[in-house]
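Note that the protein sequences, when read in sequence, are chains X and B.
Anchor point for the first sequence: position 10 equals 10 in our numbering, and the numbering is continuous, going up by one each time.
Residues are numbered in our numbering as their position in the second sequence, beginning at 1, plus a constant of 1000.
Notes follow the structure.
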Amino acid sequence: MHHLVVDRWSRGSSPLHQRDPRAKLAALLVFLIALSTTPPSAQAAFAGYGVLMVIAANRARLPILGLAGRAALILPFSATFALLTWWSGDSLRALALAEKSFLSGMAALLLVGTTPLTGWTAAL
Amino acid sequence: MNERARGIVVTSSMHIPDGFLSTPVWATLDVVSAPAVAWVARRAQRDTQDHRIPLLGVMGAFVFAAQMINFPVGPGTSGHLVGGALLAVVLGPAAASLVLTAILILQALIFQDGGVLALGANVFNMALAGVVAAYLPYRLWADGSRSRAIFAAGAFSVMTSACLALGQLLMSGVPMPGGVLWASLGLFLVSALMEGAITVAAVRAIERLNPEWVAGPRPASSRTLAAVGFAALLLVVIGTLVASAAPDGIQRLTGQGIDSAAWSERTIGGVGGLALIFVACYLGGKLISRRRSA
């Protein structure tokens, strides 16, 4: 079960695990807002966000493929809307839609994957 | 895997992920939902008797688990229980909103079901509007057939949440051709009827176990007020959908359309939204702590 894996991840001891959960929550919000406000034309920025996620996962010593796989659960949902956007002629926006939802999923997983449940519920 | 299955269920999933809503839409709904949840929490604290608190946890866990079970809605699609009506009938509206909010936060963070920035929107659609939409018909028709009232509560709750979610997506500029919109509404209608039926069955089962567990509608509240509220909510829901299904009008309103707004403007909007959320949470927290110490 996937949340059990996340729970195991959250018990690590990497530098990212040791950060204050509140700081990680604030970082997540800042990241999500930056992501949400990036225009579809700034594809380089999305690549940059992706690199940032890989670096963060590396620092947290979490399996990047495992993270990506779990974040990809959102893709069937966003892909359908992306396809609709594609058909209506805005392929860049379609791509951005899928990228945004995937990267948001990655970021949220990084928070819960480096913070035990009690940590982030207290931070909330 | 269930999450995967739910992902494919496009049209009948109501948890909006991040990246779908435009900044003005998610920021506004975050700002609206944060103080609303704080208010609801205070009300729930006042209204819920101590001996019922374990029931909150049990019902929360039940709805959380029930949301994992998908039932077929149409060819290739399935839906799942939202549980707003069930919680509202059993726990009362304030506690129901609170429990559903907690469920939505858990789902957004652990299950990637619904976005974190879009949490305000999802909380608004399901935990606030959805619960009100369940409680009003339940309150209004409680004197007649109880099953009918509970059925209406479940169905109306889901339709309200669905129409609001669709409206917000349309407002954010997610293109939805007319056919898709109608198909979505049709699937949501089937989901709504199923939610109604499941809610009736679940409440009946709980009542058979222990009639005292079901809170029942408050006799003190006025039926006229419930009727007016019901009508207002209906208008808002239909209005949102109709207004947002005509993007031309909205584009004219914003001058150039949300999409083409300058990057800096959107960033300022986002940061401003965050600041507002912080202020709202801070004030809400202050208020709660002051009440507690008073």
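Note that beta-carbon positions come from the ideal geometry of N, C-alpha and C, so glycine has one too.
Around the C-beta of B/Gly-1186, are 16 or more other C-beta atoms found within 10 angstroms, so that it is buried, or is it exposed? Flag for B/Gly-1186 reads exposed.
Verify whether the separation of the beta carbon atoms of B/Ala-1129 and B/Thr-1160 is less than 8 Å. Yes. Within cutoff.
Given B/Glu-1032, which residues of its chain have a CB within under 8 Å of its CB, disregarding the five upstream and five downstream residues? For clarity, residue 1032 of chain B is Val in the given sequence; the question names Glu instead. For B/Val-1032, where only same-chain residues beyond five positions count, the Cβ hits under 8 Å are Gly-1120, Phe-1124.
Counting only beta-carbon separations shorter than 8 Å, does B/Glu-1003 have a partner in chain X? Below a pLDDT of 50, predicted positions are generally treated as unreliable, and B/Glu-1003, at 37, falls in that range; the measurement from the model is reported next regardless. It does; some Cβ of chain X falls within 8 Å.
Between B/Leu-1117 and chain X, is the shortest Cβ-Cβ distance under 8 Å, so that the two count as touching? Yes, its Cβ sits closer than 8 Å to a Cβ of chain X.
Cutoff 8 Å: B/Gln-1112 Cβ touching any chain X Cβ: Answer yes: the Cβ-Cβ gap between B/Gln-1112 and chain X drops below 8 Å somewhere.
Around the Cβ of B/Ala-1127, are there at least 16 other Cβ atoms within 10 angstroms (buried) or fewer (exposed)? Counting other Cβ atoms within 10 Å of its Cβ, B/Ala-1127 reaches 16 or more and is therefore classed as buried.
Using DSSP with H/G/I as helix, E/B as strand and the rest coil, what is B/Phe-1020? B/Phe-1020: coil per DSSP, three-state reduction.
Are there 16 or more other CB atoms within 10 angstroms of the CB of B/Glu-1212, so buried, or fewer, so exposed? That one is exposed.
From B/Thr-1166 to B/Ser-1157, what does the alpha carbon distance come to, in whole angstroms? A quick correction: the sequence has Leu, not Thr, at residue 1166 of chain B. C-alpha separation (whole angstroms): 14 Å.
List in chain order: all unbroken alpha helix (DSSP H) runs of 4+ residues lying wholly within the stretch 24-61 of chain X. Segments of the alpha helix (DSSP H) lying fully in the stretch 24-61 of chain X: 43-59.
Can you check whether the C-beta of B/Met-1176 is within less than 8 Å of a C-beta belonging to chain X? Chain X, which has a Cβ nearer than 8 Å to the Cβ of B/Met-1176, makes this yes.
When the cut-off is 8 Å and only beta carbons count, does X/Phe-46 lie next to chain B? No, its Cβ sits nowhere closer than 8 Å to a Cβ of chain B.
Skipping 5 residues on each side, what residues in its chain have a beta carbon closer than 8 Å to that of B/Gln-1067? Excluding positions up to five away in sequence, the list reads His-1080, Leu-1081, Val-1082, Gly-1083, Ile-1103, Gln-1107.
For a test of the three-state rule: what should DSSP assign to B/Pro-1177, helix, strand or coil? Here B/Pro-1177 carries a coil assignment [DSSP, helix/strand/coil].
Among X/Ser-91, X/Ala-71, X/Ala-123, X/Ala-82, which has the Cα closest to the Cα of B/Gly-1114? Cα-wise, what sits closest to B/Gly-1114 is X/Ala-71.
Step through the CB atoms of chain B and report whether any lies within less than 8 Å of the CB of X/Gly-105. Yes, X/Gly-105 counts as interfacial toward chain B.
Run through DSSP, which three-state label would B/Asn-1070 get? Note: B/Asn-1070 maps to strand in three-state DSSP.
Can you give me the start and stop residues for the alpha helix (DSSP H) that X/Ile-64 sits inside? Following the DSSP letters along the chain, one finds X/Ile-64 inside the alpha helix (DSSP H) bounded by residues 64-71.
With DSSP as the reference, label B/Gly-1079 as helix, strand or coil. If DSSP states are grouped into helix, strand and coil, B/Gly-1079 belongs with the strands.
Let's see if you can read the secondary structure: which residues bound the alpha helix (DSSP H) around B/Arg-1137? At residue 1137 of chain B the sequence reads Pro, which differs from the Arg that was named. B/Pro-1137 -> alpha helix (DSSP H) spans 1130-1140.
Note down the Cα distance separating B/Ile-1053 from X/Trp-87, rounded to an integer number of angstroms. Approximately 50 Å between the Cα atoms of the pair.
Alpha carbon of B/Ala-1153 to alpha carbon of X/Gly-48, nearest angstrom: Roughly 47 Å between the two C-alpha positions.
Take every Cβ of the stretch 17-35 of chain X, pair it with every Cβ of the stretch 104-118 of chain X, and state whether three or more of those distances are shorter than 8 Å. Yes, the stretch 17-35 of chain X is in contact with the stretch 104-118 of chain X.
Note the first and the last residue of the continuous alpha helix (DSSP H) segment covering B/Leu-1119. Judged by DSSP secondary structure, B/Leu-1119 falls within the alpha helix (DSSP H) whose first and last residues are 1119-1122.
Counting along the chain, where does the alpha helix (DSSP H) carrying X/Arg-19 start and finish? Run containing X/Arg-19: none; DSSP gives neither H nor E here.
Would X/Thr-85 count as contacting chain B if we go by Cβ distances under 8 Å? Yes, X/Thr-85 counts as interfacial toward chain B.
Per the contact definition of three or more C-beta pairs closer than 8 Å, is the stretch 86-102 of chain X in contact with the stretch 41-61 of chain X? Yes, since at least three Cβ pairs between the stretch 41-61 of chain X and the stretch 86-102 of chain X fall closer than 8 Å, the two stretches touch.
Using a beta-carbon distance below 8 Å, is X/Ser-10 in contact with chain B? Cβ-Cβ to chain B under 8 Å: no for X/Ser-10.
Taking buried to mean at least 16 other C-beta atoms within 10 Å of its own C-beta, is X/Ser-104 buried or exposed? Counting other Cβ atoms within 10 Å of its Cβ, X/Ser-104 reaches 16 or more and is therefore classed as buried.
With distances taken from CA atoms, which of B/Ala-1118, B/Thr-1048, B/Pro-1072 is nearest B/Ala-1034? Looking at the Cα atoms, B/Ala-1118 is the closest of the given residues.
If we call anything under 8 Å between Cβ atoms a contact, is X/Leu-84 one with B/Met-1176? Yes, the pair counts as a contact, with Cβ atoms nearer than the cut-off.
Helix, strand or coil for B/Ile-1250, going by three-state DSSP, please let me know. Annotation note: pLDDT 38 at B/Ile-1250 (below 50); position unreliable, no value reported.
Helix, strand or coil for X/Arg-93? Go by DSSP, reduced to three states. In the structure shown, X/Arg-93 sits in a helix (DSSP, three-state: H, G or I).
Contacting residues, own chain, Cβ-Cβ under 6 Å from B/Pro-1017 (five flanking each side not counted): Closer than 6 Å at Cβ, skipping near neighbours: Gly-1115.
Along the alpha helix (DSSP H) that carries B/Trp-1213, what are the first and last residues, could you check? That residue, B/Trp-1213, is in no alpha helix (DSSP H); it is neither H nor E in DSSP.
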